[in-house]
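S.K.: Protein chains in written order, with this note's numbering: chain A, 1 to 329; chain B, 1001 to 1341; chain C, 2001 to 2360. Virtual Cβ for every residue (Gly too), placed ideally from N, Cα, C. Here's a structure for you.
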């Protein structure tokens, strides 16, 4: 973990991801549930100025019977056109978002690694067949298929939604794992480890997992990013059933259709969910890059800057794999 | 070489076949499938219609004849698609092929330009970053790239629309050309043609900008990584020792070997970005393929929805096929069976 | 001892020197106090340390050392091609067949560019990856000729001849891409590419490391033929002492970034005087040698940031004494053609017997 912490990018990523997890787990208990008319309409963020504004109030609360100083917040990020707090909506949308992302990540990882490993290990016809399937799934343009599936299935459960939205994501992971398995199979160190009589779990744990982990992490994070973008996009288009669901995409949709683009009064309503989306996916990407450094000993050595032997100039750097080139959506 | 082409053609045809079959399965076999829903709609709206009349109308809309056995329904459906008959739109009162045929060129135009620009900008930035690895420029651009890569393009689109469309009024906020411009591409009338093209670019510019802004970061970072890797290769050191000029090394060695692996990325990007056109076209009210697919889903216009899905998927399959074939031409390792990973 | 040698003694100042030859010897590359250093966080890493050696025209000199002994840096330094941030100090003088001596380390970009490949050429250890994967071999030759303003038609003819000399089919090779040839073929094509501008010196850094034994042997014999045909001087750098004995006229053993022993091949094989050279020979698997007599060299190669004081080999040497720990042994002449840096070389025969003779 030290390595992660030593890297600025990974540090930011870890803090962001952790922040969202805390927000998702503890947040709903601390922040009031958003209700129509709980506040004045279209209040701006940090009403009255960031310092000395009316959006916060120094009070005290009793904790285990002891009175402690406390800060009461009054719609710090403003409210929407029916008087629901923006912060409240963001916070209460987080648990569903995290559930969805987690289920998508799990689904993609399980399916992607097992199919990729199967293809890589079995070779021959099974490999050919699986590779063709992987290629086809990767070629399909994701969103139109999702639009139709979502229109037909109308998933409300975040777990189901996560799985549906990542139906394509496993293919990229499977492809990466397959080629890694092929490479690792042919490398001498696994053979050497076998010859040295190391047990299979030891070989898998010490040799294979560290080599495959970066690819798993990065493809998982890419799939998660895809699911965030797609779900928010579909909620934004109003194509997912959203009457009783709070989601950042729903907020975007409501803000957009209620003139969020036209007036400065409603700009915060549009901007806050945008920032939430960007921060979460950025946190995931940075965190994955950090993990890349943890699992990739070569990069780690580079980082520790203790290259003792300059005889063989070490110039290999893993390309920034955590970034997808496939455009955003 | 020959074997490679045959293999790729076979794969493209197979993919197309899978896509069409998948669409049939979605239309006909899924629970709550469009065919059943459409029948339900027709029966609710016209209770007096006979069973045969309903089946005839369903067949008219989505090329699926309910009275026939399932395999015949399937064959008829495929035959219809091969004829270019995608059925009849319910909401738009026109044939699906007609609606989508008009929309397709706009989507292809806007997104091809966008992807091309995205790659040009990304590759240029990425190589500069690699050459100046570790510089302030490199670190800064990497940071910006990651932030932009974490931003969905519809978010950028909304911001652009807000700032440049509504607030500043510099760009149109909807449509693909102005109403007074005649859509004409005619070499004999260069002025009118230019006006049309310029107007089309003007209308698509915010959409293109949204794609480019959110996409180039990823391309730049990939290019940076590839270039740094190539810069560390033995053959680069040998090339320098052989006294080759810097320009030749930059273009023929670094750029070429760094860009080639991204070629397949371009192909995937095309599919992903075109696929994502739905949301962007909706934001900019840009009547292309994605716009109609979303409109169809909203109106539960199943023929249009499925037609859009089939067409957009086939477009991507064909694009991928072309990219595959041309990749064989630009990378010697592919066509002769080498390892081009 | 000739006049030159006595001058050398004045320059010696504790550093190792090898130059027992008189000045009428035809020297092509002359290295004096050649050092390469890298600045690192934990100190200066000196990966080549005040090396003096003369390379004679037309000879094949083998430079042997274990990995991390500075041998690759020596190769790069000869062409002033040490990659930044490495710093090369000292002197490398190139004596062309006719014309003024050239100060290789002091050359500007332009002249350095033409010196490399035209006068001194190099074959890298990574022949597998020394070619641009997206370019055929013909283009590699053409661009090289073009960059040095050589006549292309004549150059390609020469390339074809070179490829034939190396037992390759010229037409087939020229129209192939790197991935289409085997490792051994690529290695030979790279040698042809290195010789296409008719250089005088060919520096080879582990040219056979990635090849199987048969291919190594055949390349070794090809190199001798090439040397005779084209009047080449070859610097052959390897970790494989027995291999180089089959080829080289002279052998220099690098230990801890400087020469431990330099001498004619026959003497180096029959009667090496440095304990390290003996250890290298004894560690060599030989089919005739009983297993019990093969010994790995214990201990690790020294750290370039922190080279031991005195004799750098003292902490691995079975003969080491207090003297070895404190005083660095100077180069001592064993014979006219053989020098060694060891305090106890006269006793080495008794202390470390050679377990096996490597036949030349």
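Hey, residue 2234 of chain C and residue 2243 of chain C are a contact pair by Cβ (cut 8 Å); roughly how many whole angstroms apart?
M.R.: Position 234 of the third chain, counted from the start, is the residue given in the question as residue 2234 of chain C. Position 243 of the third chain, counted from the start, is the residue given in the question as residue 2243 of chain C. Not confirmed; about 14 Å, so no contact.
S.K.: Is the separation between the beta-carbon of residue 170 of chain A and that of residue 108 of chain A shorter than 8 Å?
M.R.: The sequence position of residue 170 of chain A within the first chain is 170, counting from 1. The sequence position of residue 108 of chain A within the first chain is 108, counting from 1. Result yes, Cβ atoms of residue 170 of chain A and residue 108 of chain A sit closer than 8 Å.
S.K.: Which partner residues does residue 2038 of chain C have in the DSSP bridge list?
M.R.: What you label residue 2038 of chain C is simply residue 38 of the third chain in a count that begins at 1. Answer by DSSP bridge pairing, in chain order: C:2045.
S.K.: Within the same chain, show all residues whose beta-carbon is closer than 7 Å to that of residue 2006 of chain C, passing over the 5 residues directly before and after it, in chain order.
M.R.: In the third chain, residue 2006 of chain C corresponds to position 6, counting from 1. Bear in mind that a pLDDT of 41 at residue 2006 of chain C, under 50, signals an unreliable position, so the model cannot answer this.
S.K.: For residue 1215 of chain B, go through chain C and note every residue whose CB falls closer than 7 Å to its CB, in chain order.
M.R.: For the purposes of this step, residue 1215 of chain B is taken as the residue at position 215 of the second chain. Per Cβ cutoff of 7 Å: no residues; residue 1215 of chain B is ~26 Å from chain C at best.
S.K.: Just how far apart, CA to CA, sit residue 1128 of chain B and residue 1233 of chain B?
M.R.: To locate residue 1128 of chain B, count along the second chain from 1; it is residue 128. To locate residue 1233 of chain B, count along the second chain from 1; it is residue 233. So the alpha carbons of these two residues sit roughly 18 Å apart.
S.K.: Would you kindly report the start and end of the unbroken beta strand (DSSP E) that includes residue 2259 of chain C?
M.R.: Indexing the third chain from 1 puts residue 2259 of chain C at position 259. First-last of the beta strand (DSSP E) with residue 2259 of chain C: 2258-2264.
S.K.: In chain C, which residues lie with their C-beta within 7 Å of the C-beta of residue 1234 of chain B?
M.R.: Locating residue 1234 of chain B in the second chain gives position 234, counting from the first residue. 2124, 2126, 2129 and 2130, listed in chain order.
S.K.: Between residue 1289 of chain B and residue 1314 of chain B, which are expected to be in contact by the criterion C-beta below 8 Å, what is the C-beta distance as a whole number of angstroms?
M.R.: Here residue 1289 of chain B refers to the residue found at position 289 of the second chain. Here residue 1314 of chain B refers to the residue found at position 314 of the second chain. With a Cβ gap of about 11 Å, residue 1289 of chain B and residue 1314 of chain B do not count as contacting.
S.K.: For the putative contact between residue 2348 of chain C and residue 2278 of chain C, defined by C-beta atoms under 8 Å, what is the C-beta separation to the nearest angstrom?
M.R.: Taking the first residue of the third chain as 1, we reach residue 2348 of chain C at position 348. Taking the first residue of the third chain as 1, we reach residue 2278 of chain C at position 278. Right, their Cβ atoms sit about 7 Å apart.
S.K.: Is the Cβ-Cβ distance between residue 1123 of chain B and residue 1058 of chain B less than 8 Å?
M.R.: The residue labelled residue 1123 of chain B in the question sits at position 123 within the second chain. The residue labelled residue 1058 of chain B in the question sits at position 58 within the second chain. In this structure, residue 1058 of chain B does not lie closer than 8 Å to residue 1123 of chain B by Cβ.
S.K.: Please list the terminal residues of the continuous beta strand (DSSP E) segment that includes residue 2238 of chain C.
M.R.: In the third chain, the residue the question calls residue 2238 of chain C occupies position 238. Element bounds for residue 2238 of chain C: 2233-2238.
S.K.: Can you tell me whether residue 2125 of chain C is buried or exposed? The criterion is at least 16 other CB atoms within 10 Å of its CB, across all chains shown.
M.R.: Within the third chain, the letter at position 125 stands for residue 2125 of chain C. Flag for residue 2125 of chain C reads buried.
S.K.: If you count every other CB in all the chains shown that lies within 10 Å of the CB of residue 2208 of chain C, and 16 or more means buried, which is it?
M.R.: On the third chain, residue 2208 of chain C is found 208 positions in, with the first residue counted as 1. By the 10 Å Cβ count, residue 2208 of chain C comes out buried.
S.K.: Given residue 2227 of chain C, which residues of its chain have a CB within under 7 Å of its CB, disregarding the five upstream and five downstream residues?
M.R.: The residue given as residue 2227 of chain C occupies position 227 in the third chain. 2060 and 2234, listed in sequence order.
S.K.: May I ask you to report which of helix, strand or coil DSSP gives residue 2410 of chain C?
M.R.: What the structure shows of chain C is the stretch from 2001 to 2360, and residue 2410 of chain C is not part of that stretch, so it cannot be assessed.
S.K.: So, under 8 Å CB-CB, residue 146 of chain A and residue 165 of chain A are touching, yes? Tell me the CB distance rounded to an integer number of Å.
M.R.: The residue you call residue 146 of chain A lines up with position 146 of the first chain. The residue you call residue 165 of chain A lines up with position 165 of the first chain. The pair is a contact, with the Cβ atoms about 6 Å apart (cut-off 8 Å).
S.K.: Kindly list the residues whose CB is nearer than 6 Å to the CB of residue 2334 of chain C, restricted to its own chain and excluding five residues on each side of it in sequence; keep chain order.
M.R.: Locating residue 2334 of chain C in the third chain gives position 334, counting from the first residue. Same-chain partners within the cutoff: 2273 and 2340.
S.K.: To the nearest angstrom, how far is it from the Cα of residue 1006 of chain B to the Cα of residue 1287 of chain B?
M.R.: To locate residue 1006 of chain B, count along the second chain from 1; it is residue 6. To locate residue 1287 of chain B, count along the second chain from 1; it is residue 287. The straight-line gap from Cα to Cα measures roughly 37 Å.
S.K.: Using the beta-carbon of each residue, which ones in chain B are nearer than 7 Å to residue 256 of chain A?
M.R.: Here residue 256 of chain A refers to the residue found at position 256 when the first chain is read from its first residue. Residues of chain B passing the Cβ test: 1158.
S.K.: Taking only beta carbons into account, state which residues of the stretch 2150-2172 of chain C come closer than 9 Å to chain B, listed in chain order.
M.R.: Within the stretch 2150-2172 of chain C, no residue has a Cβ that lies closer than 9 Å to any Cβ of chain B.
S.K.: Whose C-beta lies closer than 6 Å to the C-beta of residue 1214 of chain B among residues of the same chain, with five residues either side of it excluded?
M.R.: Sequence index remark: in the second chain, residue 1214 of chain B carries index 214 (1-based). Taken in chain order, the residues that qualify are 1148, 1151, 1153 and 1156.
S.K.: For residue 252 of chain A and residue 93 of chain A, what's the separation of their Cα atoms in angstroms?
M.R.: On the first chain, residue 252 of chain A is found 252 positions in, with the first residue counted as 1. On the first chain, residue 93 of chain A is found 93 positions in, with the first residue counted as 1. Rounded to the nearest whole angstrom, the CA to CA distance from residue 252 of chain A to residue 93 of chain A is 13 Å.
S.K.: Along the stretch 2055-2083 of chain C, where does the CB come closer than 9 Å to a CB of chain B? Name the residues.
M.R.: 2079, 2081 and 2083
S.K.: If you count every other CB in all the chains shown that lies within 10 Å of the CB of residue 2171 of chain C, and 16 or more means buried, which is it?
M.R.: The residue you call residue 2171 of chain C lines up with position 171 of the third chain. By the neighbour-count criterion, in which a residue is buried when 16 or more other Cβ atoms sit within 10 angstroms of its Cβ, residue 2171 of chain C is exposed.
S.K.: Tell me the start and end of each unbroken beta strand (DSSP E) in the stretch 1167-1231 of chain B that is at least 3 residues and wholly inside, in chain order.
M.R.: none
S.K.: Per DSSP, what are the beta-bridge partners of residue 2255 of chain C in this structure?
M.R.: Here residue 2255 of chain C is taken as the residue at index 255 of the third chain, counted from 1. Beta-bridge pairing links residue 2255 of chain C to C:2258.
S.K.: Would residue 1960 of chain C pass as an interface residue toward chain B - the criterion being a Cβ-Cβ separation below 8 Å?
M.R.: Past the edges of chain C, shown from 2001 to 2360, lies residue 1960 of chain C, and the structure says nothing about it.
S.K.: Using Cβ-Cβ distances below 9 Å, what residues of the stretch 136-156 of chain A are close to chain B?
M.R.: 136, 138, 139, 140, 141, 142, 143, 144, 145, 146, 147, 148, 149, 150, 151, 152, 153 and 154
S.K.: So which of C:2252, C:2128 and C:2090 has the shortest CA-CA distance to residue 2183 of chain C?
M.R.: Numbered from 1 along the third chain, position 183 holds the residue referred to as residue 2183 of chain C. Nearest C-alpha to residue 2183 of chain C: C:2128.
S.K.: Using 8 Å as the Cβ pair cut-off and three pairs as the minimum, do the stretch 106-124 of chain A and the stretch 1247-1263 of chain B touch?
M.R.: no
S.K.: Find the nearest neighbour of residue 217 of chain A within the set A:102, A:89 and A:143, judged by alpha-carbon distance.
M.R.: Position 217 of the first chain, counting from 1, holds the residue named residue 217 of chain A. Out of A:102, A:89 and A:143, A:102 has the C-alpha closest to the C-alpha of residue 217 of chain A.
S.K.: Ordered along the chain, which non-local residues of its own chain (more than five positions away) have a Cβ less than 6 Å from that of residue 2072 of chain C?
M.R.: Walking along the third chain from the start, residue 2072 of chain C turns up at place 72. So the list reads 2205, once near-sequence residues are dropped.
S.K.: Write down the C-beta distance between residue 2202 of chain C and residue 2121 of chain C rounded to the nearest angstrom, noting that I regard them as a contact closer than 8 Å.
M.R.: Translated into the one-based positions of the third chain, residue 2202 of chain C becomes position 202. Translated into the one-based positions of the third chain, residue 2121 of chain C becomes position 121. That belief holds up - the Cβ atoms of residue 2202 of chain C and residue 2121 of chain C are roughly 5 Å apart, short of 8 Å.
S.K.: Within this structure, are the beta carbons of residue 2259 of chain C and residue 2047 of chain C separated by less than 8 Å?
M.R.: Here residue 2259 of chain C refers to the residue found at position 259 when the third chain is read from its first residue. Here residue 2047 of chain C refers to the residue found at position 47 when the third chain is read from its first residue. No, they are not a contact pair.
S.K.: My output table needs one value for residue 2148 of chain C: the three-state DSSP class, helix, strand or coil.
M.R.: On the third chain, position 148 is the one that residue 2148 of chain C refers to. If DSSP states are grouped into helix, strand and coil, residue 2148 of chain C belongs with coil.
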